[in-house]
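Engineer: Pasting in a structure now, in structure tokens, and then I'll have a few things to ask.
Residue numbers (this note's numbering): 25 to 266.
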């Protein structure tokens, strides 16, 4: 494509600078990417400072609104690289619904931005694009996964430079004991299914018994907040067996 004039050249250079980076960058209304969700999500409690998102710290962010944000490995089919996409809770719930209906292993998905730069009402649509054939599956498997926790904590090898080399998975630690897991399950059963899925996604597990002991304080806090949020809310979740 020919580029004419300084303005077009500037826009093109900014677009190319965003391509090939570690994170999925959809900056303009209508920007799209097609790829596959890979691995487990990594969730964090974040606050908006007015300039950027920071991980929630009670002593630093008292009185500020806390929101859940999730990171996930996403294979970019066009660029043939594994990237990281960061989602807010609303978009994460959309992905959870797609996971329940289609599964995330057999399909690529198209993500599209709806809203211009700086638009606070920006939303993202996520739709199934195509079934994954064997060739693409092998391509994705060869890409490797980024260590999302290391990226979030700025502890990637090389000082967190953000290069695209695959990261080894962080070693897991001891999981919660059976009694604690049982207590958590009993409390979660009183919440809507979407809330349970969000809780599990927040800590990157599929079963409560897989929750790490080191995550228990944050899990207790998250669960208490969700119990308060849904205390008087009617359960409008669909029964998947109806």
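Ideal Cβ placement from N, Cα and C applies to all residues, glycine included. Computed from a predicted model, the values in this text were never measured in an experiment.
Can residue 58 and residue 98 be called in contact, C-beta distance under 7 Å?
Structural biologist: For the purposes of this step, residue 58 is taken as the residue at position 34 of the chain shown. For the purposes of this step, residue 98 is taken as the residue at position 74 of the chain shown. No, these two residues do not count as a Cβ contact at 7 Å.
Engineer: Residues in the same chain with beta-carbon distance under 8 Å from residue 239, minus the five sequence neighbours each way, listed in chain order, please.
Structural biologist: For the purposes of this step, residue 239 is taken as the residue at position 215 of the chain shown. 227, listed in sequence order.
Engineer: Could you pull out every unbroken beta strand (DSSP E) segment of at least 3 residues lying fully inside the region 42–83, listed in chain order?
Structural biologist: Taking only runs of at least 3 residues, the beta strand (DSSP E) segments lying wholly in the region 42–83 are 56–72 and 77–79.
Engineer: Does the beta-carbon of residue 199 have 16 or more other beta-carbons within 10 angstroms, so that it is buried, or is it exposed?
Structural biologist: Walking along the chain shown from the start, residue 199 turns up at place 175. Buried, since its Cβ has 16 or more Cβ neighbours within 10 Å.
Engineer: Can residue 237 be considered in contact with the ligand SAH, in the sense that its beta carbon sits closer than 6 Å to one or more heavy atoms?
Structural biologist: Absent from the structure shown: the ligand SAH. Ligands present: none.
Engineer: Need the endpoints of the beta strand (DSSP E) that residue 135 sits in, please.
Structural biologist: Start at 1 with the first residue of the chain shown, and residue 135 comes out as number 111. Residues 131–138.
Engineer: How would you label residue 246, buried or exposed, when you count the other beta carbons within 10 angstroms and need 16 or more for buried?
Structural biologist: Along the chain shown, read from residue 1 onward, the residue named residue 246 stands at position 222. The residue is buried, with at least 16 neighbouring Cβ atoms inside 10 Å.
Engineer: Kindly list the residues whose CB is nearer than 6 Å to the CB of residue 154, restricted to its own chain and excluding five residues on each side of it in sequence; keep chain order.
Structural biologist: Reading the chain shown from its first residue, position 130 is the one you call residue 154. So the qualifying residues of the chain are 132.
Engineer: To the nearest angstrom, how far is it from the Cα of residue 137 to the Cα of residue 205?
Structural biologist: As a position in the chain shown, residue 137 is number 113, starting the count at 1. As a position in the chain shown, residue 205 is number 181, starting the count at 1. For residue 137 and residue 205, the distance between alpha carbons rounds to 38 Å.
Engineer: For residue 221, which of 50, 73 and 123 has the nearest alpha-carbon?
Structural biologist: Counting from 1 along the chain shown, the entry for residue 221 is found at position 197. Considering only alpha carbons, the answer is 123.
Engineer: Along the chain, where does the beta strand (DSSP E) that runs through residue 122 open and close?
Structural biologist: For the purposes of this step, residue 122 is taken as residue 98 along the chain shown, with counting starting at 1. No beta strand (DSSP E) holds residue 122; the alpha helix (DSSP H) holding it covers 113–126.
Engineer: At the level of alpha carbons, what is the spacing between residue 82 and residue 248?
Structural biologist: Numbered from 1 along the chain shown, position 58 holds the residue referred to as residue 82. Numbered from 1 along the chain shown, position 224 holds the residue referred to as residue 248. Computed Cα separation, rounded: 15 Å.
Engineer: Does the region 69–78 come close enough to the region 163–174 to have 3 or more Cβ pairs within less than 8 Å?
Structural biologist: Cβ pair count under 8 Å is below three, so no.
Engineer: Going by beta carbon distance, what residues of the same chain come within less than 8 Å of residue 56, once the five residues before and after it are set aside?
Structural biologist: Taking the chain shown and counting its residues from 1, one reaches residue 56 at position 32. Cβ within range, chain order: 50, 134, 135, 136 and 137.
Engineer: Run through DSSP, which three-state label would residue 91 get?
Structural biologist: Counting from 1 along the chain shown, the entry for residue 91 is found at position 67. Here residue 91 sits in strand by DSSP.
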